[in-house]
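> If you count the sequence shown from 1, position 122 lands on 121 in numbering that gives the first Met the number 0, and the numbers rise without skipping.
Provided herewith is a single structure, encoded as structure tokens, for subsequent inquiry.
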Amino acid sequence: MNNGDTWEIITIPSNPSDIYSIYARSEMVLAATAIDGIYKSTDNGTTWTQSNTGLTTKLVWTLASNGQAIFAGTVSGVFSSTDEGTTWNAFGLTGNYITALHATPNAVYAGLQGSGGLSNASVWRALLQPTSVTEPHENESVTHTGLTCYPNPATTTLTIDYTRLPFLAAVPVLCTITTVTGEVLKHVELTESHTTFPLDDCANGVYMIILRQGAMQSTTTFSILH
């Protein structure tokens, strides 16, 4: 520890041409590369192995974490890992060129490269589903997990399933579908725990579903890829 006065080279197998991003926690280090995907070290960078299970591309631009999951921005969308980068799952914005990521406990922000230049670059946000239930104060809502939707990514239709939620069968459930920036696309009452919506009029992207019944609420995200 000398405040950066001295440095040492850490060798990564195959000597990748470019290393775009590094994420470290305790002795675990992840390195995002241009052609080899993600390398992982569990001994402070002494030894490395490739850690690309689940990735559909090996060009990884950026890494970020909110303490619960690690997110990777690639040339084919965002991926997430909940086992310290051992395996990865598609998280959204499939097919988009992700150049920057930032994650908080409540949301993931992604910077996208513009098509054909920099003038139409954009920033996207995906709100994260709460993972716990807390007792409410007066006039506060209770957030429940258990809301699911499929297929995800969706193409022409999306089915919402809230059979695992403690909603009352005799009371309608208010369903709101919004963009990640908060624009409301649909706002309807549901009377069936399985409901299918057409998506022909919705553009590709990441969206939120919010279900409410009285003081109870559940939220999840989904993506559309036509």
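Glycine included, each C-beta is placed from N, C-alpha and C at the ideal position.
Output the distance between the C-alpha atoms of Pro150 and Ile9, rounded to the nearest integer angstrom.
43 angstroms
> In angstroms with no decimal places, state the Cα-to-Cα distance between Leu229 and Gly204.
The requested residue 229 does not occur in the structure, where the chain is confined to residues 0 to 225.
> Under DSSP, the beta strand (DSSP E) around Cys201 begins and ends at which residues?
Note, Cys201: premise wrong, no beta strand (DSSP E); not H, not E.
> Taking a contact to mean a Cβ-Cβ separation below 8 angstroms, would you say Gly76 touches Leu100 in this structure?
no
> Can you tell me whether Ile34 is buried or exposed, with buried defined as 16 or more other CB within 10 angstroms of its CB?
Around the beta-carbon of Ile34, fewer than 16 other beta-carbon atoms lie within 10 Å, marking it exposed.
> Expressed to the nearest angstrom, what Euclidean distance is found between the alpha-carbon atoms of Ala71 and Thr218?
23 angstroms
> Taking only the alpha-carbon atoms, compute the straight-line gap between Asp17 and Val28 and give it to the nearest angstrom.
16 angstroms
> Nearest CA to the CA of Val172: which residue from Ser13, Lys185, Gly213 and Ser80?
Gly213
> Are Tyr96 and Val74 close, meaning C-beta to C-beta below 8 angstroms?
yes
> Mind checking Leu62: buried by the 16 CB within 10 Å criterion, or exposed?
buried
> Give me, in chain order, the residues of the same chain whose beta-carbon lies closer than 6 angstroms to that of Val107; leave out the 5 immediate sequence neighbours on both sides.
Phe70 and Ala125
> Is there a C-beta anywhere in chain D that falls below 8 angstroms from the one on Gly181?
Of the protein chains in this structure there is only one, and it is not chain D.
> Under the rule that 16 or more other beta-carbon atoms within 10 Å means buried, what is Val2, buried or exposed?
Note that residue 2 is Asn in the sequence shown here, rather than Val. When all chains shown are included, Asn2 counts as exposed.
> Using the Cα positions of Ala168 and Ile209, report the straight-line distance between them to the nearest angstrom.
18 angstroms
> Are the beta-carbon atoms of Leu184 and Cys201 separated by less than 8 angstroms?
Contact: yes.
> By DSSP, does Lys57 sit in helix, in strand, or in coil?
coil
> If the criterion is Cβ atoms closer than 8 angstroms, does the pair Pro104 and Gly66 meet it?
Pairing Pro104 with Gly66 gives a Cβ-Cβ distance under 8 angstroms.
> So Gly84 and Ile37 are in contact, right, with Cβ under 8 angstroms, and what is the actual spacing, rounded?
6 angstroms
> Which stretch, first to last residue, makes up the beta strand (DSSP E) that contains Gln216?
Met215 to Ile223
> Report the three-state DSSP secondary structure of Tyr206 (helix, strand or coil).
Correct three-state label for Tyr206: strand.
> The ligand ATP heavy atoms versus the CB of Thr195: any closer than 7 angstroms?
Annotation note on the ligand ATP: not contained in the displayed structure, which lists no ligands.
> Assuming Met207 contacts Thr177 (C-beta within less than 8 angstroms), just tell me the rounded distance between them.
5 angstroms
> By DSSP, does Thr81 sit in helix, in strand, or in coil?
Coil.
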